[in-house]
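Asks: In my numbering, the protein residues as written are 1400 to 1693. Don't be surprised by glycine CBs; every beta carbon is placed ideally from N, CA and C. Dropping the structure in here first, questions after.
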């Protein structure tokens, strides 16, 4: 794909790195892609949606959350599951640059939480050019998902990988911000819950981990969403324990469409054969987008 990276300087003297798949046709729809925890625009799921956008003739924009592009961001803060101001700024910028183009958004895992929380915060004030959204494998309750990382061998293995990069990036920031965190306490962190308590919450202005999870979880924002939104989550997701009452929450809001298949894992949803895989979530997302974009 003809992917091009741009660095967008943010209003607060930081930056976001954005990967583009351009289109030569004016007014074509734009897909904004949000990755998951410690992911990036180079993650396979993000690249899959960039490829799908390119195939459809759409303009694709994969956003790297602060500190996730391979270059440390400048400020003390980085990103977290409830940080929606960057997404708001990106959507406003894209809409101003391409005023005739309809905008769709897809968020995966942590990116899904950011997207749904943003849509709930905006409600009816969301831009008219924002036509539809899809959230895949979203951790609707962050406290539950933080604990789920500690259940079972493979979850703990995955958590260890995520913690490795989170801690590495935090240590790197100590050069510029030596009071950011106690390095000995950081070295002792063994779980996502402990990391959120020690780093994520205080750095981003929360009283503690519980305060961060409660304030940032998207579930309490679902009722306020006023843009067509598709929720895709698997009942067998090992990192996001399924809550059957989510079906009732979704049913109460006519703007929400819930599809909760029994299988699919965490941002998986692969069918077909090993030689000819079919990435169902990508296909379903674009079917949904095209039903709301003319």
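May I ask you to verify whether the region 1632-1645 touches the region 1658-1666, counting CB pairs closer than 8 angstroms and requiring at least 3?
Replies: yes
Asks: For a test of the three-state rule: what should DSSP assign to residue 1598, helix, strand or coil?
Replies: Residue 1598 falls in the helix class under three-state DSSP.
Asks: Hey, which unbroken runs of the alpha helix (DSSP H) at 4 residues or more fall wholly within the region 1508-1574?
Replies: 1509-1521, 1541-1547, 1552-1572
Asks: Taking the runs of the beta strand (DSSP E) that are 3 residues or longer, which of them lie wholly in the region 1575-1658?
Replies: The qualifying runs are 1628-1631, 1655-1658.
Asks: Kindly indicate which three-state DSSP category residue 1449 falls into: helix, strand or coil?
Replies: helix
Asks: Write down the C-beta distance between residue 1694 and residue 1654 rounded to the nearest angstrom, noting that I regard them as a contact closer than 8 angstroms.
Replies: The requested residue 1694 is not part of the displayed model; the chain covers only 1400 to 1693.
Asks: Between the Cα of residue 1410 and the Cα atoms of 1479, 1492, 1649, 1583, which residue gives the shortest distance?
Replies: 1492
Asks: Within 8 angstroms, do at least three Cβ pairs link the region 1446-1460 to the region 1415-1432?
Replies: yes
Asks: Hey, how far is the Cα of residue 1669 from the Cα of residue 1548?
Replies: 22 angstroms
Asks: To the nearest whole angstrom, what separates the beta carbons of residue 1513 and residue 1533, a pair I think is in contact under 8 angstroms?
Replies: That belief does not hold up - the Cβ atoms of residue 1513 and residue 1533 are roughly 13 angstroms apart, past 8 angstroms.
Asks: Sort out for me which residues DSSP pairs residue 1413 with in a bridge.
Replies: Note: residue 1413 sits in no beta bridge, so no partner.
Asks: Determine which residues share a DSSP beta bridge with residue 1407 and list them.
Replies: Partner(s): 1415.
Asks: DSSP has residue 1678 in a bridge; who is on the other side?
Replies: 1669
Asks: Suppose you measure from the CA of residue 1657 to the CA of residue 1617; what does that come to, to the nearest Å?
Replies: 15 angstroms
Asks: Which residues mark the beginning and the end of the alpha helix (DSSP H) in which residue 1745 is found?
Replies: Nothing can be reported for residue 1745: it is not among the residues displayed for the chain, which extend from 1400 to 1693.
Asks: Count the other CB atoms within 10 Å of the CB of residue 1537; is the residue buried (16 or more) or exposed (fewer)?
Replies: buried
Asks: Compute the Euclidean distance between the alpha carbons of residue 1523 and residue 1659, then round it to the nearest angstrom.
Replies: 26 angstroms
Asks: Using a Cβ-Cβ cut-off of 6 angstroms (strictly less than) and excluding sequence neighbours within five positions of residue 1679, which residues of its own chain qualify?
Replies: 1668, 1670
Asks: Could you say which of 1465, 1405, 1501, 1490 lies nearest to residue 1688 if we only look at CA atoms?
Replies: When 1465, 1405, 1501, 1490 are compared, the shortest CA-CA separation from residue 1688 is found for 1501.
Asks: To the nearest angstrom, how far is it from the Cα of residue 1681 to the Cα of residue 1447?
Replies: 7 angstroms
Asks: Quick one: Cα of residue 1473 to Cα of residue 1412, how far?
Replies: Inter-residue distance for residue 1473 and residue 1412 is about 8 angstroms (C-alpha atoms, whole angstroms).
Asks: Name, in chain order, the residues that DSSP records as bridge partners for residue 1458.
Replies: 1429
Asks: Among the candidates 1594, 1603, 1648, 1528, whose CA atom is the shortest distance from the CA of residue 1693?
Replies: That would be 1528, whose Cα lies nearest to the Cα of residue 1693.
Asks: Could you give the C-beta distance for residue 1526 and residue 1490, rounded to a whole number, given that I count them as a contact under 8 angstroms?
Replies: 6 angstroms
Asks: Between the beta-carbon of residue 1480 and the beta-carbon of residue 1509, is there less than 8 angstroms?
Replies: For residue 1480 and residue 1509, yes; Cβs fall inside 8 angstroms.
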